[in-house]
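Heads up: the structure comes next, in structure tokens.
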Amino acid sequence: MRLLPHFYFFALLALFALFDLIRELGELGKGNYGLTSALLYVTLSQPAHVVVIFPVAALLGTLYAVSRLSTLSELTVMRASGLSLSKLALLAAFIGVIFSVIIFAFGEFIAPAAETLAKKTRLAATTNVVASKFRSGFWVKDERAFINIQNVTSDTELVNLRIFEFDKAFRLQSIRVAASAKYASNNRWTLRDAEVTTFEGGSQTGRARIVKHASIDWATAITPDLLSVLKVKPEEMSIANLSAFIDHLRDNKQNSTRYEVALWSKVFQPIGVIVMMLLAIPFAIQSNRTGGVGAMLVLGTMVGIGAYFLNQLLGHLTVLNNWSPIIVAAAPLLVFL
52 MRLLPHFYFF ALLALFALFD LIRELGELGK GNYGLTSALL YVTLSQPAHV VVIFPVAALL
112 GTLYAVSRLS TLSELTVMRA SGLSLSKLAL LAAFIGVIFS VIIFAFGEFI APAAETLAKK
172 TRLAATTNVV ASKFRSGFWV KDERAFINIQ NVTSDTELVN LRIFEFDKAF RLQSIRVAAS
232 AKYASNNRWT LRDAEVTTFE GGSQTGRARI VKHASIDWAT AITPDLLSVL KVKPEEMSIA
292 NLSAFIDHLR DNKQNSTRYE VALWSKVFQP IGVIVMMLLA IPFAIQSNRT GGVGAMLVLG
352 TMVGIGAYFL NQLLGHLTVL NNWSPIIVAA APLLVFL
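The sequence shown begins at 52 in the numbering used here and counts up by one.
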């Protein structure tokens, strides 16, 4: 019994890939970003989609398999031979556990690594800015300047940054330290609570002039678009990285709700595969009375899409209303059970 026909899984994956490619077509021509680079980026982005669509594909696959058995009366024969609905559900749950383990490992190890590589590939092709992330924060090279950003609260706001500027001989000219920065427009940022240290005659002379500013303009190649590529979204992080980052935010008295929602969603996501497969069985058995296999697949698609959007909606509401992340992450599963 094929609980996950290849067609449904790859059809959904191809649909996501098509949408990704259409979105990337508007970026063609930026720097060295051509069609080949766009195709590579889209390909590397697909593992993240696999984790999202797998529960829906499992639902459709189970609906198809059990509906076919019911339509061909094979299920009736199997039940007459002693296969009860509880045993059928147990079999589906067993297969679901295997799929859950696979998708958990895929989402924990393969998808985050592929997404990181995809962003680095896109960044290297679209801009000359070189950027990496370390424990000390983001490090960005912009011509002869090296920028360290400890935290990116949004694509237009930076927290705790240091800017090291060098001359043509790569001698340190100045250091700018700012508590925060907000994007203004046209590649210009406003540094707040900034301290500018200028080395007169070069850093080797030992003479430095320090000036403090409440706010000061800063021109750079760093843009919100670049930060959106550089910054890893909570949904793209592994459970281990999410847990470590949540601890970091709590230690620094920062709001971690969004990351907690992503963490618990990832924990319950593999269980969603089992729930979707079990949910499909009673509907599939009724397929002869409600329009056949086609009607069941349409219903399954609607249920799968509904579950996805319900999960997304609850996640956003949790961040806004400070609800319990673990309860909200488990809510869609409880609803469909």
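By construction, the Cβ of each residue, glycine as well, lies at the ideal position given by its N, Cα and C atoms.
Looking at the backbone, the Cα of Pro321 and that of Gly355 are separated by about 14 Å.
The beta carbon of Leu168 sits closer than 8 Å to those of Leu95, all from its chain and outside the five residues before and after it, given in chain order. Between the alpha carbons of Ser151 and Ile290 lies a gap of roughly 15 Å. Rounded to the nearest angstrom, the Cβ distance from Val324 to Ile214 is 47 Å, too far for a contact under 8 Å. When only Cα atoms are considered, Leu384 and Met353 end up about 16 Å apart. Collapsing the DSSP output to three states places Gln201 in a strand.
Only buried fits Phe189, as 16 or more other CB atoms lie within 10 angstroms of its CB.
Contact between the region 129-142 and the region 196-208 is not established, with fewer than three Cβ pairs separated by less than 8 Å.
In this structure, the alpha-carbon of Thr204 lies about 11 Å from that of Asn211.
For Tyr234, the uninterrupted beta strand (DSSP E) segment begins and ends at Leu223 to Ser236. Taken atom to atom, the span from the alpha-carbon of Leu278 to that of Glu286 is near 16 Å.
Sorting Tyr115, Ala143 and Leu123 by C-alpha distance to the C-alpha of Val326 places Ala143 at the top. Assignment of Glu251 by DSSP, reduced to helix, strand and coil, places it in the coil class. Listed as beta-bridge partners of Thr241 by DSSP are Lys233 and Asp268. Lys317 is classed as buried because its beta carbon has at least 16 other beta carbons within 10 Å across all chains shown. Ala331 places its beta carbon less than 7 Å from that of Thr113. Beta-bridge partners assigned by DSSP to Glu208: Ser205 and Lys233.
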